[in-house]
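K.L.:
Here you go, one structure.
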Amino acid sequence: MPEFFYNNSSVEQLSLELHFSPMIPICYVPWTSLKKLSLSSCKLSDECTTTILSCCPILESVTLDSCDQLNVLDLSKSQHLTTLEIDRSLGPTQIVPPYIRYLSLTNFKLPCTLVDVSSLTAAILETSLCLFKNLKSEDILVVLLKMLEKLRDVE
């Protein structure tokens, strides 16, 4: 991706489909006006995600569709981020969403651990057993029950 793309500080809403190309931002991404980010079909590392999130101080909504390579999605420093939607992704395996009010995980791969969901008011968890060919049904049930336990106070 060209470097000038990462240097646009006035963009407020951004949707990208990268056809499974790695997203590698420069050290600092000055997307200081960005409120809504949607990434589709991209290779998104933990480091890349941390870089992007740290440079988007007013980010309110993130959508990840078919994004691979992400292991830990730590949103603890994104105080304005209230909406997270993840669809058809091979990761993350851990999500730390302390400020998220709305969480949607659809067609996600297990295991996926939720850490600090204290602000959640609404959540959607939707998955398919077809995604778990390597797991026994008992293991799937244990992981899903742990996730549901974290969400017990959510609508």
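My numbering applies: residue 7 is where the sequence shown begins, and numbers increase by one.
Note that the Cβ used here is the ideal one computed from N, Cα and C, for glycine as well.
Bear in mind the structure is a predicted one, so any value in this text is a computation, not a measurement.
In angstroms, rounded to a whole number, what distance separates the CA positions of isoleucine 106 and proline 117?
P.N.:
If you number the sequence shown from 1, residue 106 lands on position 100. If you number the sequence shown from 1, residue 117 lands on position 111. Those two C-alpha atoms are separated by around 20 Å.
K.L.:
Within this structure, are the beta carbons of proline 98 and valine 78 separated by less than 8 Å?
P.N.:
Counting from 1 along the sequence shown, the entry for residue 98 is found at position 92. Counting from 1 along the sequence shown, the entry for residue 78 is found at position 72. In this structure, valine 78 lies closer than 8 Å to proline 98 by Cβ.
K.L.:
Whole-angstrom Cβ separation of serine 39 and serine 16, contact assumed at under 8 Å?
P.N.:
Position 33 of the sequence shown, counting from 1, holds the residue named residue 39. Position 10 of the sequence shown, counting from 1, holds the residue named residue 16. 5 Å between Cβ atoms; contact.
K.L.:
Which residue marks the beginning of the beta strand (DSSP E) containing glutamate 91, and which one marks its end?
P.N.:
On the sequence shown, residue 91 is found 85 positions in, with the first residue counted as 1. 89-93 is the extent of the beta strand (DSSP E) around glutamate 91.
K.L.:
Quick check on lysine 49: does DSSP put it in helix, strand or coil?
P.N.:
Your numbering for residue 49 matches position 43 in the sequence shown. Lysine 49: strand per DSSP, three-state reduction.
K.L.:
In chain order, what are the residue ranges of uninterrupted beta strand (DSSP E) at least 3 long that sit wholly in the segment 50-74?
P.N.:
Listed in chain order, they are 67-71.
K.L.:
Is it right to say asparagine 43 is buried, meaning 16 or more other beta carbons lie within 10 angstroms of its own, or is it exposed?
P.N.:
Here residue 43 corresponds to residue number 37 of the sequence shown, with the count starting at 1. Reading the sequence as shown, one finds leucine at residue 43 and not asparagine. Result: buried.
K.L.:
What three-state label does DSSP hand isoleucine 146 in the structure shown?
P.N.:
Within the sequence shown, the letter at position 140 stands for residue 146. Of the three classes helix, strand and coil, the one that applies to isoleucine 146 here is helix, per DSSP.
K.L.:
Check whether the Cβ atoms of serine 60 and lysine 83 lie closer than 8 Å to each other.
P.N.:
Your numbering for residue 60 matches position 54 in the sequence shown. Your numbering for residue 83 matches position 77 in the sequence shown. Cβ atoms of serine 60 and lysine 83: closer than 8 Å.
K.L.:
Just to confirm my understanding: we take proline 63, look at its own chain, exclude 5 residues before and 5 after, and list those with CB closer than 8 Å. What are they?
P.N.:
The count along the sequence shown starts at 1 and reaches residue 63 at position 57. Result list for proline 63: Thr38 and His86, in chain order.
K.L.:
Which partner residues does glutamate 155 have in the DSSP bridge list?
P.N.:
For this step, residue 155 is matched to residue 149 along the sequence shown. Note: glutamate 155 sits in no beta bridge, so no partner.
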